[in-house]
Structures are given as structure tokens and as C-alpha cells.
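Participant: Take the sequence shown: its letter number 27 is residue 420 in our numbering, and every next letter is one higher.
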Amino acid sequence: MADELILDVQGVKKAFDGLEVLKGIGFGLRKGETKVLIGPSGSGKSTLLRCINYLTVPDAGRIYLNGEEVLDANIDSMRARMGFVFQDFNLFSHLTVLDNVRICQVKVNGVDREAATRRAHHELERVGLGDKAAAYPAELSGGQQQRVSIARALAMDPDLLLFDEPTSALDPELTGEVVRVMQQLAAEGMTMVVVTHEMSFARQAADEIIFMEKGHIVEQGTPDAMFTASEHARTRAFLNVIAEHG
Ligand SMILES: Nc1ncnc2c1ncn2[C@@H]1O[C@H](COP(=O)(O)OP(=O)(O)OP(=O)(O)O)[C@@H](O)[C@H]1O
Ligand SMILES: [Mg+2]
394 MADELILDVQ
404 GVKKAFDGLE
414 VLKGIGFGLR
424 KGETKVLIGP
434 SGSGKSTLLR
444 CINYLTVPDA
454 GRIYLNGEEV
464 LDANIDSMRA
474 RMGFVFQDFN
484 LFSHLTVLDN
494 VRICQVKVNG
504 VDREAATRRA
514 HHELERVGLG
524 DKAAAYPAEL
534 SGGQQQRVSI
544 ARALAMDPDL
554 LLFDEPTSAL
564 DPELTGEVVR
574 VMQQLAAEGM
584 TMVVVTHEMS
594 FARQAADEII
604 FMEKGHIVEQ
614 GTPDAMFTAS
624 EHARTRAFLN
634 VIAEHG
């Protein structure tokens, strides 16, 4: 059904050395929705994304992908259905761009090499890098490397894409090309959770913005509601700081 939740996060808690970093977080995402997660440094955004795919194991709470609970026992197959795009790209430096986009399809999803190659070329075209298949990551700009990382995630045919500050390691002139690819994906109906300070993306592409602080969701709403009529002084103050400093 179209209104079923692709991702359902319920009561997720996580502490490190007695410090409670996530204090019971819940939210859901329907197919095709983009949610943007914002909040001050240390509020738990990365920890939450990492808990969603068990890179960090939550202390409490439940996470469902397409109605199926994410558990230790099924984590490999669940992870294959959730693409994760990191701030620092995480490409294999000794592999070409083509191999970077092909390898997980073959090794994790068991796709045959020829089909994986076709898919890799298709996804590289989609992110505007059709001519870079033979290059190595070090020969590319940061923005191009991040687009390879997005192509790699797309090639796995994920149900959900998670982005953790995908443009914060980039020079400002390179963020636009990555943001445009993400906007295009949102418009095409990809289901995405995006941690970002790019408020132009949030305004244009988010169905909902979630503001986190100190391990809680303080407020959530449509971009219009959050930017123009936030009830919460903390959210307003945060958005003002971002507007000033990017
Ligand atoms: N593996 C870890 N071990 C110990 N503490 C951790 C670990 N990971 C995160 N933390 C702590 O958890 C808190 C939340 O960190 P997290 O990285 O989730 O915040 P964030 O909202 O992503 O911040 P930023 O905007 O700076 O990326 C911080 O106090 C951080 O120091
Ligand atoms: Mg973070």
C-alpha cells in the first residue's frame, strides 16, 4: 500500500559511557518521502542514522524497514536495502569509479558482472559522471567523489537512502552539484533521510524537517511551517544561525 511506512523508528535510545545521546526517538517515512534532520552539533543526528542501520546498536527501541524489524540476525540483508552516504565519501581508493559502483552489487546482492556493469554505467549517468567510469577516486573532485558514492548507493536498488552531511566536507562551489543530484532523487520519488545544513535543499525537497536537540525531537513540520512559523524558540534560533553561517 502506498501509505505504508518504508521506515518506522520507534523509541530509539542510545547512551555512550552513561551519556544518553538518543532519548527515545520516533519517526516514520512513507515511500517517496524526504525528511531532513537538523540540529546542533552533538544532538545525536549521526548516531540516529547509524542506529537505523545498526552501524551503532541501539540500547532500546525498534526499527522497521518495510514492516520488517531490523535485527542483528538480518542486518546484512537489511543494510543492502538501505544506502548510506557519508560525509567523507568512503570510496575504495584502489578501485576505479566503475568498480566502486559495481562491487557491492556483485558481492552483496549477487548480481552477475555484466548486469552490475550496466547498472553501474546507468547510475553514473544519472549523477552526471558517465565519462568518469575508468577514473580513480583521487582523480576526481570531492563533489564528483560524493556523486560516485551516491551512484554506488543507488546501484543497490535501495528502499531507503540515508545521507549524513553529504556536502559538509566539500568546498562551497562543489556543494551545488551534489545538492542538485539529491534534489533530483527526491523529485523522482526516492525515500530519503538527510542530515544537512543545506537549507535550500531542506526548503525545496523536504516533506518534513525534524529538529533534534540533546537526543530529543524538539519539533517537526513542513519546511513552510518550520521556516516561517516555528513555535519553538530553539528551532528559530538554530535556523537563524544556519541562515547566517550556512
Ligand atoms: N562511538 C561513540 N562513543 C562515544 N561517544 C559518542 C560516540 N558517537 C557519538 N558519541 C557522542 O554522542 C553525542 C552525539 O553525537 P552525534 O555524532 O550523533 O551528533 P551529531 O548531531 O551528528 O553532531 P554533528 O552535527 O557534530 O555531526 C556526542 O556527544 C558524541 O560525542
Ligand atoms: Mg553528525
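Glycine included, each C-beta is placed from N, C-alpha and C at the ideal position.
So does D481 have its beta carbon nearer than 7 Å to some heavy atom of ligand 2?
Facilitator: Start at 1 with the first residue of the sequence shown, and residue 481 comes out as number 88. No, the Cβ of D481 stays beyond 7 Å of every heavy atom of ligand 2.
Participant: Could you please give me the residues that DSSP links to M585 through a beta bridge?
Facilitator: Residue numbering aside, residue 585 sits at position 192 when the sequence shown is read from its first letter. Its beta-bridge partners are T427 and L554.
Participant: Closer than 8 Å is the cut-off here; do at least three beta carbon pairs connect the region 482-497 with the region 529-540?
Facilitator: Contact holds: three or more Cβ-Cβ distances are below 8 Å.
Participant: Helix or strand or just coil, what does DSSP make of Q613?
Facilitator: Here residue 613 corresponds to residue number 220 of the sequence shown, with the count starting at 1. Of the three classes helix, strand and coil, the one that applies to Q613 here is strand, per DSSP.
Participant: Which of the three DSSP states, helix, strand or coil, is assigned to V634?
Facilitator: Within the sequence shown, residue 634 is the residue found at index 241, counting from 1. Here V634 sits in helix by DSSP.
Participant: Counting along the chain, where does the alpha helix (DSSP H) carrying A546 start and finish?
Facilitator: Along the sequence shown, read from residue 1 onward, the residue named residue 546 stands at position 153. That run of the alpha helix (DSSP H) goes G535 to A548.
Participant: For K500, count neighbouring Cβ atoms within 10 angstroms of its own Cβ and tell me buried if that reaches 16, exposed if not.
Facilitator: Walking along the sequence shown from the start, residue 500 turns up at place 107. Burial call: exposed.
Participant: Given this structure, state the Cα-to-Cα distance separating R455 from V405, to the nearest angstrom.
Facilitator: Here the question's residue 455 lines up with position 62 in the sequence shown. Here the question's residue 405 lines up with position 12 in the sequence shown. If you take the alpha carbons of R455 and V405, they lie about 6 Å apart.
Participant: Using only CA atoms, which one of V520, F631, D452 and L458 lies nearest to G421?
Facilitator: Stepping through the sequence shown from its first residue, residue 421 is reached at position 28. Of V520, F631, D452 and L458, the residue nearest in Cα terms is L458.
Participant: For E545 versus V494, is the C-beta spacing smaller than 8 Å?
Facilitator: Locating residue 545 in the sequence shown gives position 152, where the first residue counts as 1. Locating residue 494 in the sequence shown gives position 101, where the first residue counts as 1. The residue you asked about is not Glu; residue 545 is Arg in the sequence shown. Result yes, Cβ atoms of R545 and V494 sit closer than 8 Å.
Participant: Using the three-state DSSP reduction, which class does R474 fall into: helix, strand or coil?
Facilitator: By one-based count along the sequence shown, residue 474 stands at place 81. Coil at R474, not helix or strand.
Participant: If I follow the unbroken beta strand (DSSP E) through V450, where does it start and stop?
Facilitator: By one-based count along the sequence shown, residue 450 stands at place 57. Per DSSP, V450 belongs to no beta strand (DSSP E) and is neither H nor E.
Participant: Exposed or buried, what is G503 when buried is set at 16 or more other beta-carbons lying within 10 Å of its beta-carbon?
Facilitator: Walking along the sequence shown from the start, residue 503 turns up at place 110. G503 comes out exposed.
Participant: Give me the Cα-Cα distance between D452 and K525, rounded to the nearest whole angstrom.
Facilitator: Indexing the sequence shown from 1 puts residue 452 at position 59. Indexing the sequence shown from 1 puts residue 525 at position 132. Cα to Cα, D452 sits roughly 42 Å from K525.
Participant: Applying the criterion that 16 or more other CB atoms from any shown protein chain within 10 Å of the CB defines a buried residue, is G419 buried or exposed?
Facilitator: For this step, residue 419 is matched to residue 26 along the sequence shown. So G419 counts as exposed.
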